[in-house]
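**Q** Handing you a structure now.
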Amino acid sequence: MKDKLFILRPDFFKDSEGPFYCGDSVSVEGLLSFYPRLRDAVDVEYIDAPRPRQPIVALIGADNQSAPVLVLGNGQVPDDDTLAIREHNGRRFIDSPADIRRYLSSQYGVAHVA
Numbered sequence: 001m002k003d004k005l006f007i008l009r010p011d012f013f014k015d016s017e018g019p020f021y022c023g024d025s026v027s028v029e030g031l032l033s034f035y036p037r038l039r040d041a042v043d044v045e046y047i048d049a050p051r052p053r054q055p056i057v058a059l060i061g062a063d064n065q066s067a068p069v070l071v072l073g074n075g076q077v078p079d080d081d082t083l084a085i086r087e088h089n090g091r092r093f094i095d096s097p098a099d100i101r102r103y104l105s106s107q108y109g110v111a112h113v114a
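Going by full-length UniProt numbering, the first residue of the sequence shown is number 1, and it counts up by one from there.
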């Protein structure tokens, strides 16, 4: 399995309010926009905001369905050892947007944040 990135789709509603977008997802989407080759390096899946977010739950459990989240591919060893990597049933993942961006930058050789 390649690294898999889950990002919330924009224009979601909370009850009768909205539309909204997820600012954390936008920050990761921005990096993908600056460096389109990242889309070839990782699997990107856009998901709806309402929970349960079944594609995430299936991989890393109901307690870890925040988005954005990056599930590390099998055998992936992060080049940056300062990242907060979590684990669920043997699957490693990153759920901090800043750490997701740092991982993508270091792992796939694109520019780093200033």
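We treat Cβ as the ideally placed atom computed from N, Cα and C, and that holds for glycine.
Roughly how far, in whole angstroms, is the beta-carbon of Leu-83 from the beta-carbon of Asp-3, given that I think they are within contact range, below 8 Å?
**A** Leu-83 to Asp-3, Cβ: 13 Å. No contact.
**Q** On the DSSP letters alone, give me the boundaries of the alpha helix (DSSP H) that Arg-91 sits inside.
**A** Counting along the chain, Arg-91 falls outside any alpha helix (DSSP H), though it belongs to the beta strand (DSSP E) covering 91 to 94.
**Q** If you run the structure through DSSP and keep just helix, strand and coil, what is Val-71?
**A** Residue state, collapsed to three classes: strand.
**Q** Once you ignore the five residues that flank Ser-105 on each side, which residues in its own chain have a CB closer than 8 Å to its CB?
**A** Contacts found: Leu-31, Ala-111, His-112, Val-113.
**Q** Helix, strand or coil: which one does DSSP assign to Asp-11?
**A** Note: Asp-11 maps to coil in three-state DSSP.
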